[in-house]
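Quick notes on the structure that follows.
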Amino acid sequence: MVVAHHEGPAGAPHVLFYGHYDVQPVDPIELWDTDPFAPSIKEIEPGRKVITGRGSADDKGQLMTFVEACRAWKQVHGNLPCRVTILFEGEEESGSPSLKPFLEANAAELKADFALVCDTSMWNRETPSICVSLRGMVGEEVTVKAASRDLHSGLYGGPAANPIRILAKV
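In this note's numbering, the protein residues as written are 1 to 170.
Written as structure tokens, this is what we have:
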């Protein structure tokens, strides 16, 4: 965990900013168009450039956007208008096993008036958006058992369950 605090004016709200710096594995590396370990600037359409590289969209770009916004605000205004706590973790891509114990052990220090989580996406490039009330992550493995061979309706009567249709209802 990486935690940083910036004190704001007395009585100002406390904002907690959460994000993660870990990334998905690179395998299979041959599917990458560029070196995943070296950022590059790519023009995706005339006049529109983006930074590509491992973790640039999930979640390192968002982390640095917030850090840079705080830095720029301080440079122009001299101080942030509120107390800010930044919490970055390195296990989000594997289910955040250490996050809950860390939050419980440091609840008083991390208590905030509101939190910003920078691990969502926009609807599209033309529609700025703020996603709210997202909570948690679920990882499951589902096994559906069905017939191991074709079933003839004349012998088995009635429809046999199709595993794909069962999975679609899960």
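Glycine is no exception: its CB is placed at the ideal position from the N, C-alpha and C atoms.
Distance between residue j and residue i (C-alpha atoms, nearest Å)
i      : j      : result
His14  : Asp33  : 42 Å
Ala115 : Tyr18  : 7 Å
His5   : Lys42  : 34 Å
Val117 : Pro163 : 37 Å
Pro101 : Ser94  : 15 Å
Val84  : Gly61  : 19 Å
Glu92  : Leu103 : 14 Å
Pro28  : Asp150 : 35 Å
Gln24  : Glu68  : 24 Å
Val76  : Cys70  : 10 Å
Thr127 : Ser148 : 48 Å
Pro97  : Met64  : 24 Å
Lys74  : Ala105 : 30 Å
Member of the options whose CA lies at the smallest distance from the CA of residue i
i      : options                           : result
Glu7   : Glu92, Gly61 and Ala112           : Ala112
Ala171 : Leu167, Ala146, Val170 and Ala168 : This structure gives no information on residue 171, because the portion of the chain shown stretches from 1 to 170.
Leu80  : Gly11, Glu104, Leu103 and Gln24   : Gly11
Glu140 : Val170, Leu16 and Ile51           : Val170
Ala168 : Arg149, His20, Glu45 and Val142   : Val142
Cys82  : Ile166, Ser96 and Pro9            : Pro9
Ile166 : Val144, His20 and His152          : Val144
Gly55  : Glu126, Asp22, Ser40 and Ala107   : Asp22
Arg125 : Ser98, His20, Ile44 and Leu63     : Ile44
Asp119 : Glu109, Lys74 and Ala57           : Ala57
His178 : Val26, Gly90, Pro46 and Lys49     : In this structure the chain extends from 1 to 170, so residue 178 is not present and cannot be described.
Cβ separation of residue i and residue j, assumed to be a contact under 8 Å, to the nearest whole Å
i     : j      : result
Phe66 : Val2   : Actually they do not touch by this definition, with Cβ atoms about 13 Å apart.
Pro36 : Ile51  : Actually they are not in contact, since the Cβ atoms of Pro36 and Ile51 sit about 13 Å apart, beyond 8 Å.
Leu16 : Leu110 : 6 Å
Residue i burial status per 10 Å Cβ neighbour count (16 or more: buried)
i      : result
Gly154 : exposed
Gly78  : exposed
Asp59  : buried
Ile86  : buried
Leu31  : exposed
Gly53  : buried
His152 : exposed
CB contact check: residue i to chain C, cutoff 7 Å
i      : result
Glu140 : Although the question refers to chain C, the structure presented lacks it and comprises just one protein chain.
Closer than 6 Å: residue i CB and nearest the ligand FMN heavy atom
i      : result
Val142 : Only the bare structure without any ligand can be found here, which leaves the ligand FMN out of the picture.
| query | What are the complete alpha helix (DSSP H) segments, minimum 4 residues, inside the segment 32-108? | reply | 61-77 and 99-105
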